[in-house]
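Engineer: Provided herewith is a single structure, encoded as structure tokens, for subsequent inquiry.
Numbering (our numbering), first residue to last: -15 to 214.
Written as structure tokens, this is what we have:
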């Protein structure tokens, strides 16, 4: 069973990890401490993170309120954890042949921010725009067999926007950035608008929709893995 000394030792371990820009710690901080919940990894790692913050992090993870108030408040048993976990968000994982080129495309053409890049040469990265997060992982083998991705219209992720007008705004922004399209905006029989499909070598498909209706699919630019067909 954890005691006050062990919990303090755990707290101290988070400080050098935060100082050394260890990105997995940023994810832990964001998911555990409410005041960091709306911040990206880079913002968290650039912000002040003190021992008291680390103590609160450990206390919340272990459900030990006593650590926050001192050793005298320690009980023999930890507080029960909630029966129903809350899922904060989901991140799509895209397999690409060149992480750096993919990051450049998402940042320069699609308006994403690069949250982090691992490795030299790069082998893993995350890009983010608002609440949409995409993880880019280096993978040098075919992900799909033959032309099945094009034939079946397979999607790698689905991104929602609040209104149909935002689909048009995205289209105009991508067009102004010089993005090539597989399909342009058009009205569907059911009244919705199909979102722009960006013409890309590897054709990872990311469907863009409103909260209430399917509006189309957006194909993200990455690099073709050897043997891949779109």
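Using N, Cα and C, we set each Cβ at its ideal position, and we do this for glycine too.
Note that the coordinates shown come from a computational prediction; the quantities given were computed from them, not determined experimentally.
Tell me whether residue 40 sits in a helix, a strand or coil according to DSSP, three-state version.
Structural biologist: Indexing the chain shown from 1 puts residue 40 at position 56. In this structure, residue 40 counts as helix in the three-state DSSP scheme.
Engineer: Where does residue -11 fall in DSSP's three states?
Structural biologist: Mapped onto the chain shown, residue -11 falls at position 5. Residue -11: helix per DSSP, three-state reduction.
Engineer: Apply the 10 Å Cβ neighbour rule to residue 90 and answer buried if 16 or more other Cβ atoms are within range, or exposed otherwise.
Structural biologist: One-based indexing of the chain shown puts residue 90 at position 106. By the 10 Å Cβ count, residue 90 comes out buried.
Engineer: Of the residues -9, 14, 33, which one's Cα is nearest the Cα of residue 3?
Structural biologist: As a working mapping, residue 3 is identified with position 19 in the chain shown. With distances taken between Cα atoms, residue 3 lies closest to 33.
Engineer: Using only CA atoms, which one of 0, -5, 117 lies nearest to residue 43?
Structural biologist: One-based indexing of the chain shown puts residue 43 at position 59. Nearest of 0, -5, 117 to residue 43, Cα basis: -5.
Engineer: What's the call for residue -2, buried or exposed, on a 16-neighbour Cβ count within 10 Å?
Structural biologist: For the purposes of this step, residue -2 is identified with residue 14 of the chain shown, where counting begins at 1. Answer is buried; the Cβ neighbour count reaches 16.
Engineer: So, is residue 140 buried or exposed, given that buried needs 16 or more other C-beta atoms within 10 angstroms?
Structural biologist: What you label residue 140 is simply residue 156 of the chain shown in a count that begins at 1. That one is buried.
Engineer: At the level of alpha carbons, what is the spacing between residue 87 and residue 150?
Structural biologist: Here residue 87 corresponds to residue number 103 of the chain shown, with the count starting at 1. Here residue 150 corresponds to residue number 166 of the chain shown, with the count starting at 1. Taking the straight line from one Cα to the other gives about 23 Å.
Engineer: So is residue 82 buried or exposed if we call it buried at 16+ other beta carbons inside 10 Å?
Structural biologist: Here residue 82 refers to the residue found at position 98 of the chain shown. Looking at its Cβ environment, which holds 16 or more other Cβ atoms inside 10 Å, residue 82 is buried.
Engineer: According to DSSP, simplified to helix, strand and coil, what is residue 119?
Structural biologist: Indexing the chain shown from 1 puts residue 119 at position 135. Residue 119: strand per DSSP, three-state reduction.
Engineer: From this set, 157, 105, -8, 96, which residue's C-alpha is nearest residue 39's C-alpha?
Structural biologist: Within the chain shown, numbered from 1, the residue matching residue 39 stands at position 55. Taking only the C-alpha atoms, the option nearest residue 39 is -8.
Engineer: Would you list, in sequence order, the uninterrupted alpha helix (DSSP H) runs of no fewer than 4 residues that lie entirely inside the region 67 to 131?
Structural biologist: You should have 83 to 92.
Engineer: Please confirm whether residue 112 and residue 92 have their CB atoms less than 8 Å apart.
Structural biologist: For the purposes of this step, residue 112 is identified with residue 128 of the chain shown, where counting begins at 1. For the purposes of this step, residue 92 is identified with residue 108 of the chain shown, where counting begins at 1. Taking 8 Å as the Cβ cut-off, residue 112 and residue 92 do not qualify as a contacting pair.
Engineer: Reducing DSSP to helix, strand and coil, say where residue 163 ends up.
Structural biologist: As a position in the chain shown, residue 163 is number 179, starting the count at 1. DSSP places residue 163 in coil when its eight states are reduced to three.
Engineer: Answer with buried or exposed for residue 146, where buried requires no fewer than 16 other C-beta atoms within 10 angstroms of its C-beta.
Structural biologist: Along the chain shown, read from residue 1 onward, the residue named residue 146 stands at position 162. The residue in question, residue 146, is exposed, as its Cβ has fewer than 16 Cβ neighbours within 10 Å.
Engineer: So for residue 22, helix, strand or coil by DSSP?
Structural biologist: As a first step, residue 22 is located in the chain shown; it is residue number 38 there, counting from the start. Of the three classes helix, strand and coil, the one that applies to residue 22 here is coil, per DSSP.
Engineer: Anyone know if the C-beta pair for residue 80 and residue 128 falls short of 8 Å?
Structural biologist: Mapped onto the chain shown, residue 80 falls at position 96. Mapped onto the chain shown, residue 128 falls at position 144. No, the pair does not count as a contact, with Cβ atoms beyond the cut-off.
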